[in-house]
Every structure is written in C-alpha cells, then in structure tokens.
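J.:
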Amino acid sequence: MKNSSLIDFLDAKPLYYKEIDHTRVHTAYGILKPHIKHPKTVHIVGTNAKGSTGRMVAHLAAKSGLSVGHYSSPHIVKFNERIWLDGSDASDEVLEVAHQRLFALLGKKMSDTLSYFEYTTLLAFVVFETCDLMVLEAGLGGEFDATNVCDKELSIITPIGIDHQAFLGESIEEIATTKIRSIQKQFLLAPQPYEEVVEVARAIAKEKNATLIELGRLGSSYPDALHTLAKTKGWADYLLENATVAMKALEILDVNYVLNDLESVVLFGRFYPLASNIRIDVGHNPLAARAIERALEKEVVLIYNSLDDKDYEEVLRILKPKLKRVEIIEIDSQRATTLSAIECALEAVELDYTPFVNHIDKKENYLVFGSFYVVEAFLNVYDV
C-alpha cells in the first residue's frame with residue numbers, strides 16, 4: 004500500500020521544534036546511503052547570500068553540460084522550488100516517486116520521526132543521485148545542519164552575521180564557529196563583513212588541516228563583462244560579489260563555465276524586479292538590510308513584516324534613509340511578530356506607516372522585504 008502523497012506527508016509535520024535531536028538525520032542517512040549514489044557535492048553555509056550563490060553555481064555548471072541538482076530552502080510559493088534539477092524545479096511526479104522510494108527505504112517510524120527539513124534534505128539526495136554535481140544549501144546552521152550529513156568536495160562560506168541567536172549563539176564568533184565547523188577538506192570563504200569570521204575560519208582550517216581559499220574584499224574589482232551583465236539585469240552590487248564567489252567555486256572544482264551564461268539565471272526573490280516599480284527580496288536581517296539599502300537608488304515604499312526572532316527595529320533603522328513610508332502586510336506564520344511590536348519599532352525609528360491594502364500606486368516605487376513569508380503574502384495578492 005502506498006504511503007500518503009509527499010505534500011500531505013510533509014504538511015503533517017511541524018515546521019519548528021524547540022529542541023532538535025541532531026543524531027536522527029545521521030541515523031536516517033546511514034540507512035539511505037547504501038541504496039543511492041552520491042554526486043560530487045558543494046555545501047553552502049552562511050547567514051546571507053546562500054540562495055543566490057548556490058543558484059549561480061548550479062546554473063553555470065548545468066550550462067557547462069553537467070547534470071546538476073540544487074537544494075535550497077525555504078520555498079516562496081511552491082515546495083518544488085526547493086529541489087531544482089538541471090535548470091528547473093523538480094516536477095510533482097519526480098518528487099512523488101522519490102518520496103515513495105525514500106519512505107520505503109527508511110520505513111514509517113524513521114520517516115515520521117524526521118523533521119520537515121531533515122526529510123526533504125534526504126528527499127533531495129534521492130532526486131539528485133544520478134547528477135554529476137549536487138549543490139546543498141544549509142538551513143539555519145552548519146555543523147549540526149541536516150545538509151551536513153554527507154561528504155562534500157567543497158564548502159562555500161557566504162557572509163556570516165547575527166541571526167538565529169537562539170540556535171547558533173549570541174556572538175559573531177559563536178555563530179561563525181558552528182557554521183564553519185561543517186567544513187571538511189577545502190572551503191571557499193566569501194568576503195565577510197566581520198573580521199572575526201575570518202579569524203574563526205583560519206583557526207578551524209588549521210585545526211582540521213583543511214585548505215582555506217579566501218576571496219577577501221572585492222571592492223569594485225569585477226570583470227568588465229560581469230559589470231555589463233549586472234547592469235543589464237539590474238543587479239545590486241552584492242549579487243556581483245555572489246557571482247564572483249560562484250565562479251571561484253567552479254574554478255576550484257575544475258568546472259569550465261561561460262560567464263555570459265549568467266544572463267539566463269533567474270534569482271527570484273533576490274532584489275528581483277517583479278515590475279518596473281517593484282523589487283522583491285526575501286532578506287530578513289540587518290546584514291541583508293545593509294546590502295539592500297546600498298542597492299536602492301531612490302526612495303521606496305517598503306511593504307514589510309517580520310518574524311518574531313528578527314531584529315526588525317534595526318532592519319528598519321538601516322533602511323530608513325531610502326524609505327518614504329512603510330506599509331505593513333499580514334503574513335501567515337506562527338513565528339510572525341505582533342502588529343503592535345512592528346508598530347512600536349516603526350515609531351521608535353520615526354517612520355510613517357499604514358496597513359498594506361493590496362494596492363500598488365504606479366507612480367511609486369516599492370520594495371517588498373522582510374522574509375520569505377512577506378514575499379509569499381505579497382505574491383498571493385499582487386495582480387501581475
């Protein structure tokens with residue numbers, strides 16, 4: 004008898020846990036591992052830029068002729084976004100076949116025990132087993148993340164900042180340590196906003212006898228072709244940096260790529276021009292806010308909300324120089340902060356605000372920002 008469908012099975016799982024048993028996904032992977040092939044793997048860990056960096060690595064590698072899988076999270080509109088295979092989101096049919104196989108291999112008890120993220124990580128392994136390259140984006144962690152169960156050829160450490168303190172630690176050193184300890188034999192360190200991260204990376208590389216490749220500050224030292232491409236696509240500077248990191252990773256992996264193939268990459272939700280006067284971005288922390296504030300060339304109306312564990316007052320303070328006003332959009336998440344808390348933060352930062360009433364003024368420029376939930380809520384009511 005077939006198990007329930009993938010979406011029904013996942014919908015029955017809680018998305019969040021106060022405490023997580025980090026050993027169970029290793030036990031489950033131990034059951035699965037003998038039954039699947041394992042492609043060469045790139046593991047992407049950090050606070051920001053994981054999604055766009057990973058997609059550029061996957062896209063360029065796929066364009067070079069390799070079969071490539073890219074696992075990322077969370078999704079914005081549909082679950083399939085998390086499992087990208089050879090240029091497009093995996094189909095419902097591919098995911099369903101992989102789910103039935105994975106459930107049969109693990110058994111009902113283990114499948115039910117795994118968290119939503121743990122199960123979907125192993126699901127991606129099944130979907131990607133015949134690929135030449137698998138790009139895995141860590142969730143909120145690193146060392147104890149479900150994506151860290153398998154061996155990897157290369158780790159990419161994207162910019163690390165303060166976020167998810169309840170799980171990762173209060174200081175930048177603690178957060179960097181738990182993320183970077185996920186590395187194995189070699190890792191690429193993207194330009195970092197905190198020097199402490201670089202120091203932690205060097206110490207862990209020495210401790211693990213691993214090869215560390217540092218990119219350091221890039222400034223404006225990008226190839227002319229990349230500058231031209233970024234201008235055509237309307238990219239913010241941080242996306243040029245992410246592209247440079249992705250290209251360096253492919254060089255380390257000896258994958259021949261063509262820079263101009265980035266013309267066709269789609270970075271949905273990453274400072275993405277949804278319309279001529281609307282940008283959407285799934286960023287949610289101060290590090291992301293700084294990148295977006297630098298990228299905005301004119302004042303915008305911010306459509307915003309936040310999860311409760313984010314420093315939303317600091318986010319608003321950073322964005323304030325580029326904001327005309329804020330429109331608060333309702334989001335569907337048990338982790339959403341309260342309306343009164345958002346209002347208190349807006350008043351503390353001295354920003355005018357109103358509720359979002361599902362109306363876009365064609366004479367205004369908008370930024371939709373604050374979390375995946377904010378972008379999802381906006382897309383649900385936006386009339387293209």
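The sequence shown begins at 4 in this note's numbering and counts up by one.
Backbone N, C-alpha and C define an ideal beta-carbon position, used for all residues, glycine too.
Remember, it's a predicted structure, so these values are computed and weren't measured experimentally.
I need the straight-line Cα distance from glycine 54 to serine 76, nearest angstrom please.
T.: Distance between the alpha carbons of glycine 54 and serine 76: 8 Å.
J.: Tell me which residue opens and which closes the alpha helix (DSSP H) that lysine 327 is part of.
T.: Careful: lysine 327 lies outside any alpha helix (DSSP H), inside the beta strand (DSSP E) at 326 to 331.
J.: Tell me the rounded alpha-carbon separation between isoleucine 207 and asparagine 280.
T.: Whole-angstrom Cα-Cα distance: 45 Å.
J.: Alpha carbon to alpha carbon, how far is aspartate 11 from isoleucine 295? Give it in angstroms, no decimals.
T.: About 37 Å.
J.: Which residue wins for smallest C-alpha separation from aspartate 364, given the options Glu330, Lys236, Thr340, Lys325?
T.: Minimum Cα distance to aspartate 364 is reached at Glu330.
J.: Can a CB atom of chain D be found closer than 9 Å to the CB of glutamate 353?
T.: Annotation note: the requested chain D is absent from the structure, which comprises a single protein chain.
J.: In terms of residues, what are the limits of the alpha helix (DSSP H) holding isoleucine 175?
T.: Its alpha helix (DSSP H) spans residues 175 to 183.
J.: Taking contact to mean 3 or more Cβ pairs, one atom from each stretch, closer than 8 Å, check whether the segment 236 to 245 and the segment 53 to 68 are in contact.
T.: Counting Cβ pairs under 8 Å, three or more are found: they touch.
J.: Does glycine 33 come out as helix, strand or coil in the three-state DSSP assignment?
T.: Correct three-state label for glycine 33: helix.
J.: Just the C-alpha distance for valine 371 and phenylalanine 120, rounded to the nearest angstrom, thanks.
T.: Cα to Cα, the separation comes out at about 26 Å.
J.: Kindly identify the DSSP beta-bridge partner or partners of lysine 43.
T.: According to DSSP, which records beta bridges pairwise, lysine 43 is partnered with Leu136.
J.: Measuring CB to CB, does lysine 188 end up less than 9 Å from glutamate 146?
T.: Contact: no.
J.: Pull up the distance between the alpha-carbon of serine 185 and that of glycine 72, whole angstroms please.
T.: C-alpha separation (whole angstroms): 20 Å.
J.: Once the 5 residues before and after leucine 69 are set aside, which same chain residues still bring their CB inside 6 Å of it?
T.: The answer, listed in chain order, is Asp135, Leu136.
J.: Check whether the Cβ atoms of asparagine 245 and glycine 164 sit closer than 9 Å, and answer yes or no.
T.: No, these two residues do not count as a Cβ contact at 9 Å.
J.: Could you spell out the range, first to last residue, of the beta strand (DSSP E) harbouring arginine 282?
T.: Residues 281 to 284.
J.: Below 8 Å, how does it come out for the segment 347 to 360 and the segment 314 to 327: are there three or more Cβ pairs, yes or no?
T.: Yes, since at least three Cβ pairs between the segment 347 to 360 and the segment 314 to 327 fall closer than 8 Å, the two stretches touch.
J.: Any idea which residues DSSP pairs glutamate 217 with across the strands?
T.: DSSP, once it has assigned bridges, lists Leu192 as partnering glutamate 217.
J.: Alpha carbon to alpha carbon, how far is threonine 26 from valine 318? Give it in angstroms, no decimals.
T.: Using only the alpha carbons, I get a separation of about 35 Å.
J.: Using C-beta distances below 7 Å, list every residue in its chain close to asparagine 361, excluding the 5 sequence neighbours before and after it, in chain order.
T.: Cβ neighbours of asparagine 361 beyond the five flanking positions: Val384.
J.: Please name the residue or residues paired with leucine 305 in a DSSP beta bridge.
T.: Leucine 305 is bridged to Val329, Leu370.
J.: Along the alpha helix (DSSP H) that carries threonine 150, what are the first and last residues, could you check?
T.: Element bounds for threonine 150: n/a, residue is neither H nor E.
J.: Please return the same chain residues whose Cβ sits closer than 7 Å to the Cβ of aspartate 89, not counting the five positions on each side in sequence.
T.: Cβ neighbours of aspartate 89 beyond the five flanking positions: Ala65, Ser70, Val71.
J.: Which residues in the same chain have their Cβ closer than 6 Å to the Cβ of valine 248, if we skip the five residues on either side of it in sequence?
T.: Contacts found: Thr56, Ala193.
J.: Which residues does DSSP pair with isoleucine 159 in a beta bridge?
T.: Paired residues: Ile47, Leu191.
J.: On the CB-based measure, 16 or more other CB atoms within 10 Å of its CB, does proline 276 come out buried or exposed?
T.: Flag for proline 276 reads exposed.
J.: By DSSP, does leucine 262 sit in helix, in strand, or in coil?
T.: DSSP places leucine 262 in helix when its eight states are reduced to three.
J.: Which complete alpha helix (DSSP H) runs does the segment 60 to 121 hold, if anything under 4 residues is left out?
T.: DSSP runs (the alpha helix (DSSP H)) wholly in the segment 60 to 121: 95 to 109, 111 to 116.
J.: Should leucine 262 and leucine 218 be called a contact, given that it needs their Cβ atoms to be closer than 9 Å?
T.: No, Cβ-Cβ distance for leucine 262 and leucine 218 is not below 9 Å.
J.: Can you tell me the Cα-Cα spacing of lysine 43 and phenylalanine 274, whole angstroms?
T.: Each residue's alpha carbon lies about 30 Å from the other.
J.: Please classify proline 17: does DSSP put it in a helix, a strand, or coil?
T.: Residue state, collapsed to three classes: coil.
J.: With C-beta atoms as the reference, is leucine 157 less than 9 Å away from alanine 252?
T.: In contact: leucine 157 and alanine 252 (Cβ atoms closer than 9 Å).
J.: Would you tell me roughly how many angstroms separate the C-alpha atoms of threonine 231 and serine 267, rounded to the nearest one?
T.: Spanning the two alpha carbons is a distance of roughly 14 Å.
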